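Protein chains in written order, with full-length UniProt numbering: chain A, 1 to 317; chain B, 1 to 221; chain C, 1 to 246.
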């Protein structure tokens, strides 16, 4: 078992009392997200590092040509690898989410990992953010396999939101080599010969996580009508550990829910949940804008480079 | 040609660093000494090193386990193992950009060893000796090229990696060397000599980076 | 897919129900008196689930080396979804992430509903077996666990009842079967007692945000009806027990 993350009673009380007074330890408002920083690594396509405060997640997208699955000959393959290593926090253990534990295991970090990977899977893959049909090259014989490898570097709460942004911006940034199909033969062009082509992304799902705190006793939560549970956005590690429940909702810009999960925890009135949803949709719009801006800036830098290269070739002639 | 590094960038682990040279980039973390996590790993007289290497794409395979055994060889000689009896030291390596084709491991291993060294210093793990790694290739004309690019690596006849211990600012004893390809004994000796010089040339920069970090850590004193 | 008409213009669904009709709900408690401390059997339409609860018991008797918690019980929930429960006899991997996820969700859900401090340093082991699956896996499991916990005499704050709600075009449909579940976007919601408070929500498909409110309100209504039905059964069983004792 990985290390347990113990928080002293004093610290717990301090955080909770502060929250009751609408103050968070890092000075944010309850409904304020941490600074999202999207860094595209300049060396290649589709390698992005996202930081959400001190939470850091990298995502690297790669492609290869493989045989499609037997039962889906017209579709490409898209995989997300979200294995969490102890690098981000000794709280996580090597290979805990993969094997070696039974269903219903009590190791809380294994649970955490399963939930995180399932949520990313549902948000991005099941919601068809990437058009897998466009990855087909020769039906039943050849298709693109796109894989997104998540690298969890530093854990300070809210891995789901950070990794969702990371996967989506990496996919948007990624370019696969251009190909030409003649019958069953496929010619793959080197990136120097032909401009590589972007993937076809249908929509951009963004996750927002809310954490719940209870200022009253648990009986009031179940029976009472106060409905004054504290709701905060984008909890950091300490808040995440102390919170009594969380809800992650994944939306895209078209006001569609791609995935939503409130796994037990505090009971929250339906009207409060609706408020969360509409607030999330506002945040999603901002974040989508942000991703597009970062990509635009990067594209500008990159076209300058290619133009320079072309000019140089021209001069050499 | 030089290297870039950032030390102590992760805050959930005891020591961490990134290391980048010639398009190869890794990030490593060290946590420890920890309570042993699995009883069967406990060693009564020395530390247990829990090393895992994750590639930039795909999941760990035999290639990574191969790198793990090599890295373990270096670390078992350099970490003060007796000092951490019945403890565990967790070393995580995440490759960010391999900088070489899949069939080679030299550049990655070089970057990993150096990065782990910086992480160990950052994590305050006691070491028997300082060490540093470098790599080179011998090309078709019998010339030795230090820290090759991917292209040079592919055109080479043999490639080598050497890890030397460092004493008084000079490379001292050979800790680990690994070569692949066809080469003569003479060539290997020459390669080791060159590696020795190469490591010496790095020394001042390594020292500076480490000192800078220590200064930052002890900013209040 | 349009060979089936999921919702006819006359407002009749594929199995003849109206939009806000539940499937036939049947539940029983204490079905396995010798094998467990509490047990239940729930049938919602053609979905059938049995649930066994062992506990509260000493943590040392647990299957895995579980850690004692000073202020709450260790709750372990496992879900068996055997191949015979579905039409497709597909072999599932032993560590199915989907089932693990469901069991984690259920565990977190009941950890807030059980009166925790009554069961400190003990273990409650819940096993759910799906006998036949026809939609609403999470919902049926949730209802079955509630009943089994009641049968085991474990104190709960209130019932947790769950139901699925789907969206067909503009209409919200209550309690989907598996045919509807395949084609429609749906959410599973769980409600505590007679309140409007949601304990669990799970949505795995794309769904317009402005329809969510309608789905949730229909779902809450459905949950309350289910809670009523479960309550009737529990009271009936209790009355029978009492009459036998006298």
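Don't be surprised by glycine CBs; every beta carbon is placed ideally from N, CA and C. Note that the structure is predicted; figures quoted are calculated from it, not measured.
Give the secondary structure of residue i by DSSP, where H, G and I count as helix, E and B as strand, and everything else as coil.
i, result
"residue 127(A)", "coil"
"residue 157(B)", "coil"
"residue 226(C)", "helix"
"residue 219(B)", "coil"
"residue 173(A)", "helix"
"residue 198(C)", "strand"
"residue 238(C)", "helix"
"residue 101(A)", "Any reading at residue 101(A) needs caution, since the residue's pLDDT is 36, under 50, leaving its predicted position unreliable; the model's value is listed next. Coil at residue 101(A), not helix or strand."
"residue 27(A)", "coil"
"residue 227(A)", "coil"
"residue 87(C)", "coil"
"residue 135(B)", "strand"
"residue 181(A)", "strand"
"residue 113(B)", "helix"
"residue 164(C)", "strand"
"residue 13(C)", "strand"
"residue 217(A)", "coil"
"residue 17(B)", "strand"
"residue 212(A)", "strand"
"residue 59(B)", "coil"
"residue 99(B)", "coil"
"residue 255(A)", "coil"
"residue 213(C)", "helix"
"residue 7(A)", "coil"
"residue 7(C)", "strand"
"residue 181(B)", "strand"
Under a Cβ-count criterion, where at least 16 other Cβ atoms within 10 Å of its own Cβ denotes burial, should residue i be classed as buried or exposed?
i, result
"residue 205(B)", "exposed"
"residue 117(B)", "buried"
"residue 91(C)", "exposed"
"residue 207(B)", "exposed"
"residue 118(C)", "exposed"
"residue 203(A)", "buried"
"residue 177(C)", "buried"
"residue 123(B)", "buried"
"residue 132(B)", "buried"
"residue 306(A)", "exposed"
Might you give, ordered along the chain, the residues of its own chain that have their beta carbon closer than 6 Å to the beta carbon of residue i, omitting 5 neighbours on each side?
i, result
"residue 28(C)", "41"
"residue 46(A)", "61, 170, 173, 174"
"residue 115(B)", "17, 19, 26, 28"
"residue 115(C)", "155"
"residue 36(A)", "52"
Near residue i, what residues of its chain come up, given a Cβ to Cβ distance below 7 Å and the 5 sequence neighbours on each side ignored?
i, result
"residue 11(B)", "none"
"residue 196(B)", "164, 171"
"residue 42(B)", "36, 48, 86"
"residue 192(B)", "162, 174, 177"
"residue 23(A)", "none"
"residue 56(B)", "95, 96, 97, 98"
"residue 125(A)", "78, 80"
"residue 15(C)", "177"
"residue 226(B)", "Because residue 226(B) is not part of the residues shown, which for chain B are 1 to 221, the question remains open."
"residue 104(A)", "Its pLDDT being 35, under 50, residue 104(A) is placed unreliably in this model, and the value from its coordinates should be taken loosely. Excluding residues within five positions, none has a Cβ falling inside 7 Å."
Looking only at its own chain, which residues have a Cβ that is under 8 Å from the Cβ of residue i, when we skip the five neighbours before and after it?
i, result
"residue 38(B)", "none"
"residue 153(B)", "100, 101, 104, 106, 107, 137, 159"
"residue 20(A)", "215, 230"
Q. In chain order, what residues of the region 261–278 of chain A put their CB closer than 8 Å to some CB of chain C?
A. 261, 262, 263, 264, 265, 266, 267, 268, 269, 270, 271, 273, 274, 277, 278
Q) Of all the residues that make up the region 181–213 of chain A, which are near chain B by a beta-carbon distance shorter than 9 Å? A) none
Q | Contact list for the region 188–208 of chain B against chain A, Cβ threshold 8 Å | A | none
Q | Three CB pairs or more closer than 8 Å across the region 221–234 of chain A and the region 192–209 of chain C | A | yes
(Q) Tell me whether the region 76–92 of chain C and the region 209–218 of chain C touch, counting them as touching only if at least three CB pairs, one residue from each stretch, are closer than 8 Å. (A) no
Q: Answer yes if the region 54–70 of chain A comes into contact with the region 135–147 of chain A, meaning at least three C-beta pairs across the two stretches below 8 Å, and no otherwise.
A: yes
Q | Members of the region 42–53 of chain B that neighbour chain A once the beta carbon cut-off is set at 9 Å | A | 50, 52
Q. Between the region 206–213 of chain A and the region 264–276 of chain A, are three or more C-beta pairs nearer than 8 Å?
A. yes
Q.
To be precise: take each residue of the region 155–172 of chain C, compare its Cβ to all Cβ atoms of chain A, and keep it if any distance is under 7 Å. Which residues remain?
A. 157, 158
Q: Please list the residues of the region 88–102 of chain B that have a C-beta atom closer than 8 Å to any C-beta atom in chain A, keeping them in chain order.
A: 90, 92, 94, 96, 97
Q. Is it true that the region 247–265 of chain A meets the region 197–204 of chain C, where meeting means three or more beta-carbon pairs spaced less than 8 Å apart?
A. yes
Q: Taking a Cβ distance cut-off of 9 Å, strictly less, list which residues of the region 66–93 of chain A are near chain B, in chain order.
A: 81, 83, 85, 86, 87, 88, 89, 90, 91, 93
Q: Name, going along the chain, the residues of the region 47–64 of chain A whose beta-carbon falls closer than 8 Å to a beta-carbon of chain B.
A: 47, 54, 56, 58, 60, 62
Q. Is it true that the region 186–201 of chain A meets the region 269–288 of chain A, where meeting means three or more beta-carbon pairs spaced less than 8 Å apart?
A. no
Q) If contact means a Cβ-Cβ distance below 9 Å, which residues of the region 124–138 of chain C contact chain A? A) 125, 126, 127
Q. Looking at chain B, which residues of the region 129–163 of chain A have a Cβ within less than 7 Å of any of its Cβ atoms?
A. 147, 149, 151, 153, 154, 155
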